[in-house]
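In the numbering used here, the protein residues as written are -17 to 339. Beta carbons are placed, not taken as given, at the ideal position from N, Cα and C, and that holds for glycine. Nothing here was measured: the structure is a model prediction, and the numbers come from that model. Below is one structure; the comments refer to it alone.
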């Protein structure tokens, strides 16, 4: 090997080590800062100074001690995070994951009830989410409607429409506040691995994340999408069709959220409630999980598991310490925001720098 090539390889390795070291330092400082800030707020609220330490201990010990439940809880969150991630790589903001999750869950439930097929139920959920994603994309691309504003309005409309559909057409006569249960043939199985009972909904989510990573970083289409997001002008000069790329990314993002609704119904809850409590919030949480994962499909898996652990730990804080749920939400929110700020800063800095050039 030539000395010049070896030197470049060593320089590349050293650069990667510096990047990873800096990222680890940012994450560590963010966690420390968020815990200190939360402790200070709790003291100002009148709680004892040592209560925050007890709360952190309960949150992190109980939130991550049941791996089976943790991975199961993270599965739909991974998919809604991917629903935000994929369009963001083309410069769009899909905050419609919440509504796409709703239509995916209901479509999957209906198909499962009528056909008893797990495969058809998963496909139906993904297609329903993709169709709704395309609605937002068409409004943005062809009518220049801001996708954020459109998604907010559609999310709330679909929340109420979904409640009406569930309460009117899908309820179980013997349990009026719940829908009919997904038949056994349409349920995602649970695999007993000895120390771990793995819900295969996590494997579906993992496959979606690795598939997305391959698409965006190993294929021409993924490269075109990333170029379009960083610099639309350069993308057009290179011959890429930005409109089609935006439509494709939104359809893919919607499919991920719809699939999230499918795995929630087929693999975890098996039926929906008339108040939508089993669905509400996953689409919004997915935005935070995507930012925590630094807009990387594999990073999203890790961040979703971490965020799910915090949510589970937050429930333990309420039951064991008797703290109101607002305190648990405060702790989780500050941790998520603190971890997301460094990446958001670097991402926006990169985008602006590329576009100026």
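Report task. Compute the beta-carbon to beta-carbon distance between residue 112 and residue 237, rounded to the nearest angstrom, for a pair I have assumed lies under 8 Å. Result -> Beta-carbon to beta-carbon, residue 112 and residue 237 are separated by about 4 Å, close enough to satisfy the 8 Å threshold.
Query - Buried or exposed by the 16-neighbour rule on C-beta atoms within 10 Å, applied to residue 142 - result: Only exposed fits residue 142, as fewer than 16 other CB atoms lie within 10 angstroms of its CB.
Query raised in the report: Would you report the Cα separation of residue 64 and residue 282, rounded to the nearest angstrom?
Result: About 7 Å.
Query raised in the report: Does the count of Cβ pairs from the region 78 to 96 and the region 239 to 247 closer than 8 Å reach three?
Result: Three or more Cβ pairs drawn from the region 78 to 96 and the region 239 to 247 lie within less than 8 Å of each other, which places the two stretches in contact.
Query raised in the report: The alpha helix (DSSP H) with residue 203 in it runs from where to where?
Result: Start and end: 202 to 212.
Query - Identity of the residues DSSP links to residue 247 by a beta bridge - result: In the DSSP assignment, no residue is bridged to residue 247.
Query raised in the report: How close, in whole Å, do the beta carbons of residue 129 and residue 75 come, if the pair is a contact with beta carbons under 8 Å?
Result: The pair is a contact, with the Cβ atoms about 6 Å apart (cut-off 8 Å).
Requested in this report: Write down the C-beta distance between residue 325 and residue 273 rounded to the nearest angstrom, noting that I regard them as a contact closer than 8 Å.
Outcome: About 6 Å separates the beta carbon of residue 325 from that of residue 273, a gap short enough to meet the 8 Å contact definition.
Query raised in the report: Helix, strand or coil for residue 160 per DSSP?
Result: If DSSP states are grouped into helix, strand and coil, residue 160 belongs with the strands.
Query raised in the report: Could you give the C-beta distance for residue 229 and residue 123, rounded to a whole number, given that I count them as a contact under 8 Å?
Result: About 6 Å separates the CB atoms of residue 229 and residue 123; that is less than 8 Å, so the two are in contact.
Query - Cβ neighbours of residue 164 in the same chain (closer than 8 Å, five flanking residues each side left out) - result: Cβ neighbours of residue 164 beyond the five flanking positions: 91, 94, 95, 103, 247, 248, 252, 253.
Query raised in the report: Just checking my contact of residue 13 with residue 77 at CB under 8 Å: how many whole Å lie between their CB atoms?
Result: Cβ-Cβ separation between residue 13 and residue 77: approximately 26 Å, too far for a contact (criterion under 8 Å).
Query - Contacts around residue 214, its chain only, beta-carbon distance under 6 Å, and the 5 residues preceding and following it disregarded - result: In its chain, beyond the 5 residues on either side, 224 have a beta carbon closer than 6 Å to the beta carbon of residue 214.
Query raised in the report: Apart from the five residues on each side of it in sequence, which residues of its chain come closer than 6 Å, Cβ to Cβ, to residue 172?
Result: Result list for residue 172: 179, 181, in chain order.
Requested in this report: Could you check if residue 320 is buried or exposed, using at least 16 other CB atoms within 10 Å of its CB as the buried criterion?
Outcome: Buried, by the Cβ-count rule.
Query raised in the report: Which stretch, first to last residue, makes up the alpha helix (DSSP H) that contains residue 142?
Result: Following the DSSP letters along the chain, one finds residue 142 inside the alpha helix (DSSP H) bounded by residues 129 to 147.
Query raised in the report: Where does residue -17 land, buried or exposed, given buried means 16+ other C-beta within 10 angstroms?
Result: Its pLDDT being 47, under 50, residue -17 is placed unreliably in this model, and the value from its coordinates should be taken loosely. When all chains shown are included, residue -17 counts as exposed.
Query raised in the report: What are the start and end residues of the beta strand (DSSP E) that includes residue 179?
Result: Where residue 179 is concerned, the enclosing beta strand (DSSP E) stretches over 179 to 181.
Query raised in the report: On the three-pair Cβ rule with 8 Å, is the region 201 to 209 touching the region 293 to 313?
Result: Counting C-beta pairs closer than 8 Å gives fewer than three between the region 201 to 209 and the region 293 to 313, which falls short of the contact rule.
Query - For residue 223, three-class secondary structure by DSSP - result: Three-state result, residue 223: coil.
Query - Inter-residue spacing [alpha-carbon to alpha-carbon] between residue 327 and residue 19 - result: Rounded to whole angstroms, residue 327 to residue 19 spans 20 Å at the Cα level.
Query - Same chain only: Cβ atoms within 6 Å of residue 40, ignoring 5 sequence neighbours per side - result: Around residue 40, the same chain offers 298, 299, 302 as residues with beta carbons nearer than 6 Å, after the five sequence neighbours per side are excluded.
Query raised in the report: According to DSSP, is residue 20 helix, strand or coil?
Result: Residue state, collapsed to three classes: helix.
**Report entry** Cβ pair residue 72, residue 264 closer than 9 Å
**Finding:** Cβ atoms of residue 72 and residue 264: not closer than 9 Å.
Query raised in the report: DSSP three-state call for residue 255: helix, strand or coil?
Result: DSSP places residue 255 in the strand class (E or B) of the three-state scheme.
Query - Buried/exposed call for residue 79, threshold 16 Cβ in 10 Å - result: With 16 or more Cβ atoms within 10 Å of its Cβ, residue 79 is classed as buried.
Requested in this report: State the Cα-Cα distance for the pair residue 277 and residue 58, rounded to the nearest angstrom.
Outcome: Near 17 Å, if we compare the C-alpha coordinates of residue 58 and residue 277.
Report task. Report yes if the C-beta distance between residue 132 and residue 140 is below 9 Å; otherwise report no. Result -> Cβ atoms of residue 132 and residue 140: not closer than 9 Å.
Query raised in the report: When the Cα of residue 67 is compared with those of 285, 98, 269, which residue comes out closest?
Result: The candidate whose alpha carbon is nearest that of residue 67 is 269.
Query - From 196, 146, 52, residue whose alpha carbon lies closest to that of residue 293 - result: When 196, 146, 52 are compared, the shortest CA-CA separation from residue 293 is found for 52.
Report task. Keeping to the same chain, check which residues put their C-beta closer than 6 Å to that of residue 49; ignore five residues upstream and five downstream. Result -> Here the set comprises 178.
Requested in this report: Inspect the beta-carbon positions of residue 231 and residue 60 and report whether they are closer than 9 Å.
Outcome: No; because the gap between Cβ atoms is not below 9 Å, this pair is not in contact.
Requested in this report: Note down, in chain order, each residue of its chain lying with its Cβ closer than 7 Å to the Cβ of residue 106, except the 5 sequence neighbours on either side.
Outcome: Scanning its chain for C-beta atoms nearer than 7 Å, with the 5 sequence neighbours on each side dropped, one finds around residue 106 the residues 89, 90, 93, in chain order.
Query - Nearest residue (CA-CA) to residue 271, options 262, 288, 296 - result: Out of 262, 288, 296, the CA that lies nearest to the CA of residue 271 is found in 288.
Query - residue 47 - DSSP class collapsed to helix/strand/coil - result: Coil at residue 47, not helix or strand.
Query raised in the report: Does DSSP put residue 167 in a helix, in a strand, or in coil?
Result: Three-state result, residue 167: helix.
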